[in-house]
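Be aware that the sequence shown starts at 159, since it is given in my numbering, and climbs by one per residue.
To keep things clear, I will list the structure first and then write my remarks on it.
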Amino acid sequence: MDQQEKFDIVHVKKMERIDSRSFFIDNGSWENCDFYFLHISNFWPKNQQQYIPYQKWPENGSDYALAIRLPIICASCRRRRRSRRIVQQNETDHFTNQLQNDFITIPFNHISDITSQDECKIVFTLHAKNLSYTIEFSNDNKVNFLLQTIVENIHCFVWDPLTNHVKRNYFVVNQNSWIVYDHRSKIEKDEYDYNSSANYCRQSKIGQSKSQPPRPPTPFQRQLNMDPEISRAATTPIPSCSTANLMPQTNAINNDDDEDKNTETNDEVPFWDGDEFDDFDDIEYNYEDLDLSDEDVDPPEPFHYESGDDSDIWN
Numbered sequence: 159m160d161q162q163e164k165f166d167i168v169h170v171k172k173m174e175r176i177d178s179r180s181f182f183i184d185n186g187s188w189e190n191c192d193f194y195f196l197h198i199s200n201f202w203p204k205n206q207q208q209y210i211p212y213q214k215w216p217e218n219g220s221d222y223a224l225a226i227r228l229p230i231i232c233a234s235c236r237r238r239r240r241s242r243r244i245v246q247q248n249e250t251d252h253f254t255n256q257l258q259n260d261f262i263t264i265p266f267n268h269i270s271d272i273t274s275q276d277e278c279k280i281v282f283t284l285h286a287k288n289l290s291y292t293i294e295f296s297n298d299n300k301v302n303f304l305l306q307t308i309v310e311n312i313h314c315f316v317w318d319p320l321t322n323h324v325k326r327n328y329f330v331v332n333q334n335s336w337i338v339y340d341h342r343s344k345i346e347k348d349e350y351d352y353n354s355s356a357n358y359c360r361q362s363k364i365g366q367s368k369s370q371p372p373r374p375p376t377p378f379q380r381q382l383n384m385d386p387e388i389s390r391a392a393t394t395p396i397p398s399c400s401t402a403n404l405m406p407q408t409n410a411i412n413n414d415d416d417e418d419k420n421t422e423t424n425d426e427v428p429f430w431d432g433d434e435f436d437d438f439d440d441i442e443y444n445y446e447d448l449d450l451s452d453e454d455v456d457p458p459e460p461f462h463y464e465s466g467d468d469s470d471i472w473n
């Protein structure tokens, strides 16, 4: 391992959870660790290096891995780590037998996504393993260079549209992992919200499948779609003045339960009842009390104010 080129010296924080429904909790941290970005061909003997360009590599990223050399630990901790590594060993991990027990090996086929946290910090999330590694690099430019290298060499890793290189907000997703561990039911797929920002990985990276329903039109698109209204207007006759006057007025009457029962049978009910007109005839008016004589009324005289001693006004 000493022959491999070291990428950086980093600080590592390991997070672990019980299952996919629980939260990540701290499970250890290490400082001043050697960080390596490796390919399986780095361990090939020199007589086989010439066959590297002609080799057909897997497309799931299992031929690449991150290796982190942990600081020197005591012998008892080393034995516990060795026994735990044997239990967790996977046949698809090509780097397990090549590296020593004081290394953390992260194959890229286990990584679901890579996100930037703070300056110089990125998080490698392994959803299938319920693990997460937060790695702090010495320089933020190395973070950008590492992510660019991952996207260019491992084709199943792609940039998410929410990535902002100017603000250094990075988000790289593994398309294979999101497809395998997407356990949505058919009902959830039918009610899928394509406009939600929480579903950016599925709608931008994996893309819509042909079995998914099309996206609903936006309100602006619905306003522009005037074909049904135009076709309906061409076949609807314009009412003339005579027919407009003959339209029944009962449609404007509110059919509430508290209204008169006659409204339920659409009978025309006059606004004034006949009995109410009879009440007007019973009113007696005394015209003698009214002074209807024509009298000349003089206009009021103008008021002229003269300045003087006004002290008596307030007494």
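Even for Gly, the Cβ is constructed at its ideal location relative to N, Cα and C.
Sub-7 Å separation of residue i and residue j beta-carbons
i: Phe-282; j: Ile-272; result: yes
i: Asp-192; j: Lys-171; result: no
i: Asn-200; j: Ile-167; result: no
Whole-number beta carbon distance between residue j and residue i, since they are thought to touch under 8 Å
i: Phe-195; j: Leu-284; result: Going by Cβ atoms, the distance from Phe-195 to Leu-284 rounds to 17 Å, so no, they are not a contact pair.
Alpha-carbon to alpha-carbon, residue j and residue i
i: Ala-286; j: Ile-198; result: 22 Å
i: Cys-314; j: Val-331; result: 8 Å
i: Ser-474; j: Val-324; result: Past the boundaries of the shown model lies residue 474; the chain is included only from 159 to 473, so the question cannot be answered.
i: Glu-310; j: Ser-296; result: 22 Å
i: Asn-302; j: Tyr-291; result: 17 Å
i: Met-496; j: Asn-288; result: Coverage of the chain is limited to positions 159 through 473, which leaves residue 496 absent and any answer about it impossible.
i: Gln-366; j: Ser-274; result: Only weak support exists for where Gln-366 lies, its pLDDT of 40 falling under 50; the coordinates are left without a value.
i: Gln-333; j: Leu-224; result: 19 Å
i: Ser-270; j: Phe-329; result: 11 Å
i: Trp-202; j: Ile-210; result: 9 Å
i: Glu-277; j: Lys-214; result: 37 Å
i: Trp-317; j: Arg-326; result: 13 Å
i: Thr-523; j: Ser-187; result: For the chain, the structure presents residues 159 to 473; residue 523 sits outside this window and is missing.
i: Leu-228; j: Asn-322; result: 32 Å
i: Gln-208; j: Ile-312; result: 21 Å
i: Asp-298; j: Ile-226; result: 18 Å
i: Lys-204; j: His-169; result: 33 Å
i: Phe-182; j: Tyr-212; result: 42 Å
i: Lys-300; j: Gln-206; result: 31 Å
Assigned exposure category for residue i - 16 Cβ within 10 Å defines buried
i: Pro-319; result: exposed
i: Ser-180; result: exposed
i: Ile-293; result: buried
i: Ser-178; result: exposed
i: Asp-184; result: exposed
i: Tyr-222; result: buried
i: Ile-280; result: buried
i: Ile-176; result: exposed
i: Gln-161; result: exposed
i: Thr-376; result: For Thr-376, the pLDDT reaches just 46, beneath the cut-off of 50, and the residue's location in the model is therefore unreliable, although a value from the coordinates is still provided. Flag for Thr-376 reads exposed.
i: Lys-344; result: Note that Lys-344 scores a pLDDT of 42, beneath 50, so its modelled location is shaky; the value from the coordinates is reported in the next line. So Lys-344 counts as exposed.
i: Leu-382; result: Below a pLDDT of 50, predicted positions are generally treated as unreliable, and Leu-382, at 46, falls in that range; no measurement from the model is reported.
i: Arg-342; result: Residue confidence is low: Arg-342 scores 42 on pLDDT, short of 50, so the model does not pin down where it sits. Its coordinate-derived value is still stated next. Classification for Arg-342: exposed.
i: Ser-400; result: Confidence in Ser-400 is poor, its pLDDT being 48 and thus under 50, which makes the residue's placement unreliable; the coordinate value appears in the next sentence. So Ser-400 counts as exposed.
Between the segment 213 to 230 and the segment 264 to 271, can you find at least three pairs of beta-carbon atoms closer than 8 Å? Yes: the two stretches touch, three or more of their Cβ pairs being nearer than 8 Å.
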